[in-house]
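In the UniProt record's numbering, the protein residues as written are 1 to 119.
For every residue, glycine included, the Cβ atom is placed at its ideal position computed from N, Cα and C.
Quantities reported herein were computed from a predicted structural model and do not represent experimental measurements.
Single-structure report; data block below.
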């Protein structure tokens, strides 16, 4: 994979994940205001926004050919791997309230692979 294509994907992912983090923070402020005025509406709004953010991240990573691997006992972490781009994306939710993304992008090279043995 040409380096400029990988750099383009990295830029796209950083923009998506940083944008999602900012959107999460904004949504938390809106939920706090709604909780004072209308608690049931605040819960509905919070759930809807969470689902939208999760869907956007999953959709973008999936469209780029990343495969999803959940890990961790609490299911608060996930790993997305693209062998095509040689990239891994670690997503973890902040422990304070369980929603803000912490992410890490890692590049890798496949050094060797086991060959499939057919019988």
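- Look at residue 92 here: in three-state DSSP terms it is strand.
- Contact between residue 76 and residue 92 holds: CB atoms are separated by about 6 Å, below the 8 Å threshold.
- Rounded to whole angstroms, residue 80 and residue 69 show a C-alpha spacing of 6 Å.
- Going by DSSP, residue 2 is part of no beta strand (DSSP E) at all; its letter is neither H nor E.
- In the three-state scheme derived from DSSP, where H, G and I count as helix and E and B as strand, residue 117 is classed as coil.
- Residue environment for residue 17: buried (at least 16 other C-beta atoms within 10 angstroms of its C-beta).
- Here residue 108 is not bridged, per DSSP, to any residue.
- With fewer than 16 other beta carbons inside 10 angstroms of its own, residue 107 counts as exposed.
- The Cβ neighbour count for residue 29, taken over all protein chains shown within 10 Å, is under 16; the residue is labelled exposed.
- Ranked by Cα distance from residue 7, the first of 40, 105, 46 is 105.
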